[in-house]
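In our numbering, the protein residues as written are 35 to 409. A virtual CB, placed ideally from N, CA and C, is assigned to each residue, including glycine. Just below is one structure, and these are the notes that go with it.
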């Protein structure tokens, strides 16, 4: 019989991250959103706790932990501040660098990621290429001792704040094979512009144009044409973590709704005593609990080296959808005050909608699932 419990170390980690989030992150949420400024100081504070180096070996300054523990970190941060929970994702490109880069490149960049001194982003999405990565048009042509890159990337999270972008490009444009390159975002010929979004503030997204951007040959990660096979496996665990972010937003909204419904008096009694409210709360609590344990099971599969393409896709389509409904219901339970920016409900609703799209929308996830069960 499997044990459905976290280890003592994981419980301690959850408590430590929760205290950090409540004491260091929560006090400045509104100010950060209103200023629209990326919180570099928060990145450094989280780096000091090892939260930007969770997938980086200790020899490069990281503090590697298992994926279930990573999920705990993401969940606790997202309950307090969604954008803060995105900061550990700044290290998401690290596994690609570890797998494909030379030792010199690893020594140069990985310590900077772990310390929070440099911010990385992933450049895969293009105006005409989203989930179908092999359809991208960005090209990298070999010239002398390097490559000349031309193309356009869009919907790049952290794109305006990042220092380096792992840029996916085709070295042979007539093929479907792609290659990743490390491209400093201050390179000549590179222009970036912010996308005005309804949520994800102040993380944001950017469009990035590469016009004859030259990079040295050592910026290439791995052999030519290997990128797609290395990038795809990393998407599964990212989808599960996004699902946990959505559930954390839903949990925070549920807790707000429970508290408010106990205090709000209508027709002589708390609205929590009306079945129209209490049933919504019961349904939300059930869905969140089901989603959480499924997500942690898939993260456990990742730790055990068990393939989970189908399961991670299940997490990704279902959890953000139920979270959106739960946050919506929580806002309605609050009535007119829930529509105010004084509460975090409207911000959570705008943020969770982005999670329904990022890392693959529901229909793409259902394609992955159906292919697996129908083969």
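>> According to DSSP, simplified to helix, strand and coil, what is residue 100?
In response: coil
Open item on the list: Rounding to the nearest angstrom, what Cα-Cα distance links residue 69 and residue 63 in this structure?
Closed with: 10 Å
**Prompt:** My guess is that residue 157 and residue 187 are in contact by the Cβ rule of under 8 Å, so how many angstroms apart are they, rounded?
**Reply:** 4 Å
From residue 349 to residue 279, what does the alpha carbon distance come to, in whole angstroms? 11 Å
Residue 183 bridges to which residues according to DSSP? 174 and 247
**Prompt:** Can you tell me the Cα-Cα spacing of residue 370 and residue 115, whole angstroms?
**Reply:** 23 Å
Beta-carbon gap between residue 367 and residue 291 smaller than 7 Å: yes
Classify residue 340: buried if its beta carbon has 16 or more other beta carbons within 10 angstroms, exposed otherwise.
exposed
Take residue 146 as the anchor and find which of 183, 391, 91 and 283 has the nearest alpha-carbon.
-> 91
Q) If you check the beta carbons only, do residue 242 and residue 193 fall under 7 Å apart? A) yes
query: Quick one: any contact between the segment 129-140 and the segment 67-81, if contact means 3 or more CB pairs under 8 Å?
result: no
Buried/exposed call for residue 310, threshold 16 Cβ in 10 Å: exposed
task: Look at the Cβ atom of residue 81, then the Cβ atom of residue 191, and state whether they are nearer than 7 Å.
output: no
Sort 141, 96, 138 and 110 by Cα distance to residue 126 and report the nearest one. 96
Checklist line | Rounded straight-line distance, which links the Cα of residue 143 to that of residue 323 | finding: 39 Å
*Which residue comes first and which comes last in the alpha helix (DSSP H) that contains residue 214?*
Per DSSP, residue 214 belongs to no alpha helix (DSSP H); it is in the beta strand (DSSP E), 213-218.
- Unbroken stretches of the beta strand (DSSP E), 3 residues or longer, contained in the segment 290-356: none
Around the C-beta of residue 390, are 16 or more other C-beta atoms found within 10 angstroms, so that it is buried, or is it exposed?
buried
Limits of the unbroken beta strand (DSSP E) element including residue 200 | 198-203
Practice prompt. Please state if the CB of residue 249 and the CB of residue 195 are separated by a distance shorter than 7 Å.
Written response: no
In terms of residue numbering, what span does the alpha helix (DSSP H) encompassing residue 402 cover?
396-408
message: Output needed for residue 60: all residues of its chain with C-beta closer than 6 Å, excluding positions within five of it in sequence on either side, in chain order.
response: 114
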